Structure formats: structure tokens, C-alpha cells
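Take a look at the structure set out below.
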Amino acid sequence: MPTLLQDGYALLVQPTGGFSLLDWDADTCPQDALGTDQVRSTDLTTQLIMWTDELAVPLGLPVNAPARQLLHSYQDNPTPVRGVAVFTGSTRDGALLGLTEDQALMLVDRYFSRHRDVPRPRR
Numbered sequence: 005m006p007t008l009l010q011d012g013y014a015l016l017v018q019p020t021g022g023f024s025l026l027d028w029d030a031d032t033c034p035q036d037a038l039g040t041d042q043v044r045s046t047d048l049t050t051q052l053i054m055w056t057d058e059l060a061v062p063l064g065l066p067v068n069a070p071a072r073q074l075l076h077s078y079q080d081n082p083t084p085v086r087g088v089a090v091f092t093g094s095t096r097d098g099a100l101l102g103l104t105e106d107q108a109l110m111l112v113d114r115y116f117s118r119h120r121d122v123p124r125p126r127r
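Now the structure itself:
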């Protein structure tokens, strides 16, 4: 697993639609954030990685529609996401980077701008 280089944040996305901004420092890793020993990474851009529980399907964890919608922003046909998902920065020189607060909040904004149930202003 890569070592961490800089402090920052990670965005945790619950299957229920809850979003949490996590402190991401030198002692944090995806396994800690997800509460599992085995994680799967999905590179979304050169600056963004989504982490999920490798055993989510065999454990029967619930589908995470909000994380899949975010994933759909970066991939045409994303696979279903199960369980909790964590979004971090990418790696540099073998170190896992956190997100800036703006990057994390931009992900939340991206979710709500794609989500169909958000009320739109009347014209």
C-alpha cells in the first residue's frame, strides 16, 4: 500500500447517500476509512481514486447508488458499487495523496448536479 505524503481529506460516501469529509493524514489509509483489510482501487483521473471493499459482493453489502453516480461522471458504463466508497487523491512517488477541501466538495457538487431528484429553480 502506498505511504501518505500530505495531509488533506477523503470523501466517504455511504450507500444511504450520506457524505462525510474525513481528515486524511500520514496515519490514514483506505483500509482504515473503509473498515476492511482488503480494498479495491479504481483510478478515475490522474488526481482521483475511488476505494471500495474488495469483499463487498461476497459479504452482500448494499449497492451504493450515490458512489456509482459519481463513478458514472468519469466512466460511461460503471460497474455497480457496493458498500461504503472513499474518494482520495491519487499517488505521487508511491505516496497516497489526500484531496483538498475544494476537490472533495466538488465531488459532492458533481453528485447533486447529476442527481435527478434535486429540486430545480422555477423559471
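Sequential numbering of the sequence shown, starting at 5, is according to this note's numbering.
Ideal Cβ positions, reconstructed from N, Cα and C, are used throughout, including at glycine.
No experiment lies behind these values; they were computed from the predicted model shown.
Going along the chain, which residues of its own chain have a beta-carbon closer than 7 Å to the beta-carbon of residue i, five neighbours each way excluded?
i, result
"S24", "L16"
"P82", "R72, L75, H76"
"L111", "L15, L74, F91"
When the Cα atoms are used, what is the spatial distance from residue i to residue j?
i, j, result
"L103", "D80", "24 Å"
"T92", "M54", "7 Å"
"A60", "E105", "28 Å"
"Q51", "Y13", "13 Å"
"L101", "P34", "11 Å"
Could you name the residues of the same chain whose beta carbon sits closer than 6 Å to that of residue i, not counting the 5 residues immediately before and after it, in chain order?
i, result
"D57", "L38, T40, G87"
Give me, in chain order, the residues of the same chain whose beta-carbon lies closer than 8 Å to that of residue i; leave out the 5 immediate sequence neighbours on both sides.
i, result
"V67", "P19, P84, V85, R86"
For residue i, which of helix, strand or coil comes out of DSSP?
i, result
"L109", "helix"
Check: Could you give the uninterrupted runs of the beta strand (DSSP E) lying entirely in the region 68-99, keeping only those of 3 residues or more?
Finding: 89-92
Next item on the list: Take every Cβ of the region 62-77, pair it with every Cβ of the region 30-38, and state whether three or more of those distances are shorter than 8 Å.
Entry: no
Note to self: I'd like the ranges of any beta strand (DSSP E) spanning at least 3 consecutive residues and lying wholly in the region 14-57.
What the structure shows: 23-28, 43-49, 52-57
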